[in-house]
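This report refers to the structure that appears directly beneath it.
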Amino acid sequence: MDHQPPPPAATGGSPSTRTGYWLSEHLPDGTDRHWSILARQRTARESDRAQVSAAIEAVTWYRGGAKVAFSPGALLNEIISKVTTPPIAFGISDLALELPEAGLSEHDRARYDSNPALLDPDLFETTSVVALAFREGRTVFCMYYLDEGVHARPVALDMRDLDPGPERSVGCAARLHSICQGRYITEGRDTRPCACDCGCRNRHQQATA
Ligand SMILES: [Zn+2]
Ligand SMILES: [Zn+2]
């Protein structure tokens with residue numbers, strides 16, 4: 007991971023930068039989104055955060071161990087090999103992002119801040135978002151990274167509670183519906199159909215038909 011010089015003090019409504027995040031938002035669905043200092047230069051503008059948020063919305067979640075054929079999969083495997091807790095899911099966004107390069111000069115940064123159209127087109131970089139989801143108790147953590155080729159730059163962390171209600175799989179309760187196999191295991195080790203209305207039961211029937 008990159009180590010950047012410490013950023014200037016956060017302003018207005020921001021958590022302490024000692025947490026590693028410079029801005030926090032409370033989303034309408036109850037998710038708290040924290041923006042990483044490590045990608046602050048790339049997400050300082052609201053329009054850039056909007057792009058990243060759209061890419062986060064476009065993430066497809068896969069169960070741990072699922073095979074993905076394309077290049078972000080290699081980057082994710084690299085990250086997964088370095089984390090101690092196995093993720094419950096990993097995610098790949100199909101939405102491309104155009105963000106300013108990491109490490110713009112002060113001069114270029116000032117031009118960009120005054121008007122993105124002033125920045126030399128060569129200083130934009132196409133990237134996308136890859137993600138890992140973890141669960142700790144009833145809290146779900148989704149960590150999002152910008153795919154910078156050989157590096158994965160932490161960009162945002164979402165934290166939310168598992169939706170209450172016992173009749174659903176962890177995947178559906180975590181709102182990672184695509185990883186649900188249409189059933190869940192009760193505390194008594196019974197297997198029951200998942201009660202979520204996302205279509206997971208039908209997906210599972212098709213997969214096993
Ligand atoms: Zn569901
Ligand atoms: Zn389900």
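Once you know that position 14 of the sequence shown is 20 in this note's numbering, the rest is easy, because the numbers rise by one and skip nothing.
Glycine included, every Cβ here is placed at the ideal spot set by N, Cα and C.
Bear in mind the structure is a predicted one, so any value in this text is a computation, not a measurement.
Do residue j and residue i count as a contact pair if the criterion is CB distance below 8 Å?
{"i": "A179", "j": "L163", "result": "no"}
{"i": "A45", "j": "P160", "result": "yes"}
{"i": "R64", "j": "S99", "result": "Position check: residue 64 holds Ala in this sequence, whereas Arg was assumed. A contact, by the Cβ cut-off of 8 Å."}
{"i": "P106", "j": "L82", "result": "no"}
{"i": "R209", "j": "T197", "result": "no"}
{"i": "I94", "j": "V176", "result": "yes"}
{"i": "V58", "j": "V135", "result": "yes"}
In terms of alpha-carbon separation, which member of the options lies closest to residue i?
{"i": "L124", "options": "R46, T133 and H113", "result": "H113"}
{"i": "W67", "options": "C204, C200 and I185", "result": "I185"}
{"i": "E173", "options": "Y150, D119, T192 and M165", "result": "T192"}
{"i": "A108", "options": "L152, C200, T25 and G36", "result": "L152"}
{"i": "P122", "options": "R51, W41 and I43", "result": "R51"}
{"i": "D38", "options": "L110, M149 and M165", "result": "M165"}
{"i": "G171", "options": "C202, E154, Y150 and E142", "result": "C202"}
{"i": "L110", "options": "L101, L103, A102 and P127", "result": "P127"}
{"i": "R55", "options": "K73, T90, D35 and E31", "result": "E31"}
{"i": "S42", "options": "Y27, R195 and C200", "result": "Y27"}
Run the CB neighbour count on residue i, radius 10 Å, all protein chains shown included, and call it buried at 16 or more, exposed below.
{"i": "V156", "result": "exposed"}
{"i": "S87", "result": "exposed"}
{"i": "Q47", "result": "buried"}
{"i": "G97", "result": "buried"}
{"i": "A158", "result": "buried"}
{"i": "P11", "result": "Confidence at P11 is low in this model, with a pLDDT of 49, below 50, so the placement of that residue is unreliable and no value is reported for it."}
{"i": "L33", "result": "exposed"}
{"i": "R144", "result": "exposed"}
Taking the beta strand (DSSP E) that residue i falls in, what are its first and last residues?
{"i": "S99", "result": "A95 to S99"}
{"i": "V161", "result": "H157 to D167"}
Looking at the secondary structure, which residues open and close the alpha helix (DSSP H) in which residue i lies?
{"i": "C178", "result": "V176 to A179"}
{"i": "I43", "result": "Taken as a continuous stretch (DSSP letters only), I43 belongs to no alpha helix (DSSP H), as it is neither H nor E."}
Just to check my reading of the structure: residue i and residue j have Cβ atoms closer than 8 Å, yes? What is that Cβ distance to the nearest angstrom?
{"i": "L182", "j": "T133", "result": "So it is not a contact: roughly 22 Å between Cβ atoms."}
{"i": "A61", "j": "L29", "result": "That pair is no contact at about 17 Å."}
Can you find a C-beta in chain C that's less than 8 Å from the C-beta of residue i?
{"i": "D100", "result": "No chain C appears in this structure, which consists of one protein chain only."}
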